[in-house]
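The opening position of the sequence shown corresponds to residue 3 in the numbering used here, with each subsequent residue numbered one higher.
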Amino acid sequence: MGTAAFLIAAAALQPSIAELQVAIVGVRFFGLARGIFRYLERLTSHRLTLRLLGRLRVWFYEALEPLAPARTLSMRSADLLTRAVADVESLQELYIRVLAPPLVAVAVAAGTGFFLGTYHLSLAVVFLSLFATAGIGIPAGIHVIGKRVGNRLSAARADLAAAIVDGIQGMADLLACGQGVAQRHRVEELSLRFVQDRERASRVEALGTAAMIFATHATVWILLVVAIPMVRKGFFDGVGLAVVCLVAMAAFEAVQPLPAAARHLSEQLAAGRRIFAILDARPAVEDPARPSPVSKELSPPAVEAHGLEFTYPGSEASALTGFDLELPAGCRLAVVGPSGAGKSTLAQLLLRFWDPTDGEILLAG
């Protein structure tokens, strides 16, 4: 942009074409290089994003698998699906929309400030001050405004997905109980809420974009006010004035994505909290560092249980107390009892979905 500004401003003075050859070649070079570097930037960022997305999905599943089924009993399947799909996909834009724009803005600010400093130090100081104010103040304001919107949007997405999945899975029961219309109305209400939250998020992002455009033009006007007296004093000519203004305007393209990055940061922080609630959960059963080797014999092993006691988390009543079991190899045993006697609990303990509160279970001694 600066080279093009120099070429246009210098050509208006009608010099010899030989004096413009370097600028003409520079415009052609930078025009071609911009497309090439834009392609390389997109290629690198998307490759990094897809790699990050793949690792995040694997990481999430590796953390979720040990939690099942004990820790996932209290979770809705639709909510888990939303965390595994929508929330993870939301984080895939963390690099492109949140991390990369500030780094690019810092690099552009340093380069532009150095360039303007070659004309006059005060131009660099004015530009960097206004650039920092726009690049930090506007995104910070958008983050504060959009924080609540991002949290609401993430929650609305999860509630809508849960309602849709619950409606599909329980459609037969809902229709049999005459609740089909009520479920449809509930999905419609949640869908409307989600759309409204999306509109609020879009308005917040549009507000940031408008503020950044205003800051860009205000910076150009302020630089004109500062630079015109310098031209009169002979620090640089009128061609340099055009270059200074257009270079500053072009530099503000680097901070244009920052309000959107601040808005997406709120949404992605909410999605990240939902994902890390799964990643940080402690499994109900922890495997030993060095498990005992499994026998290679084909015959079924004997199972013994001594003094089993178990209480579900959050419950005061014991589901199983003082239970003993001896099941010789190859034998079949029926466990009978009234509802709530602990039959399902015993099966889950034998399958090691839970560890007993007290007692032990032995497999082949």
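Here a beta-carbon is modelled for each residue, glycine too, at the ideal position from N, C-alpha and C.
### Residue from Ala244, Ser47, Pro358, Thr323 with nearest C-alpha to Tyr121
Ala244
### Query
Under 8 Å, do Gly143 and Ala203 count as touching if we go by C-beta distance?
no
#### Entry: Helix, strand or coil at Phe355 [DSSP, three-state]
coil
### Inter-residue Cα distance where the pair is Pro259 and Thr211
8 Å
### Distance between Val90 and Leu310 (C-alpha atoms, nearest Å)
40 Å
### Task
Taking 8 Å as the threshold, find out whether the region 219-232 comes into contact with the region 149-169 through three or more Cβ pairs.
no
### Task
Please report the residue range of the beta strand (DSSP E) in which His308 lies.
305-312
### Message
Per DSSP, what are the beta-bridge partners of Leu327 in this structure?
### Response
Ala307
### Contact belief for Leu83 with Val167 at Cβ below 8 Å, rounded distance in angstroms
7 Å
### Task
Report, in whole angstroms, the separation of the C-beta atoms of Leu352 and Val287, which I expect to be a contact under 8 Å.
Contact flag wrong, Cβ pair sits at about 12 Å.
### Task
Going by DSSP, name the residue or residues bridged to Leu322.
Phe312
### Task
Give every residue of the same chain whose Cβ lies closer than 6 Å to the Cβ of Leu335, excluding the five residues on either side of it in the sequence, and list them in chain order.
Leu329
### Query
Any idea what DSSP makes of Leu365, helix, strand or coil?
strand
#### Entry: Local conformation of Asp81 per DSSP, three classes
helix
### Message
Can you give me the C-alpha to C-alpha distance between Arg44 and Leu105, rounded to a whole angstrom?
### Response
15 Å
### Query
Quick one: Cα of Thr359 to Cα of Ala136, how far?
59 Å
### Message
If you follow the alpha helix (DSSP H) that Ile19 is in, where does it begin and where does it stop?
### Response
Counting along the chain, Ile19 falls outside any alpha helix (DSSP H), and DSSP gives it neither H nor E.
### Query
In three-state DSSP terms, what is Asp360?
strand
### Query
By the 10 Å Cβ neighbour count, where 16 or more other Cβ atoms means buried, how is Leu123 classified, buried or exposed?
exposed
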